[in-house]
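In our numbering, the protein residues as written are 46 to 118. For each residue, glycine too, the CB sits at the ideal point set by N, CA and C.
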């Protein structure tokens, strides 16, 4: 019973704040990237065997993601 009512409030809020939504989504994406950089990259650097491979794989993955994002809109 609560979910449909909260869903209607949420939809109304999104429609009312539509001009702020792109900035809020950019902030959320930046926060996610920060968490990845802050937590996962240092964790991958602890083992000394594959430091260069892990770093290059992360850079290639991020570059591929950005190219696809720009290309596909």
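- DSSP, reduced to helix, strand and coil, places residue 62 outside both helices and strands of the structure shown, so it counts as coil.
- Look at residue 94 here: in three-state DSSP terms it is coil, with no helix or strand label.
- Judged by pairs of C-beta atoms under 8 Å, the segment 81 to 90 touches the segment 99 to 113, as three or more such pairs exist.
- Counting only the Cα atoms, residue 73 lies some 16 Å from residue 64.
- CA-CA distance, residue 59 to residue 96, rounds to 43 Å.
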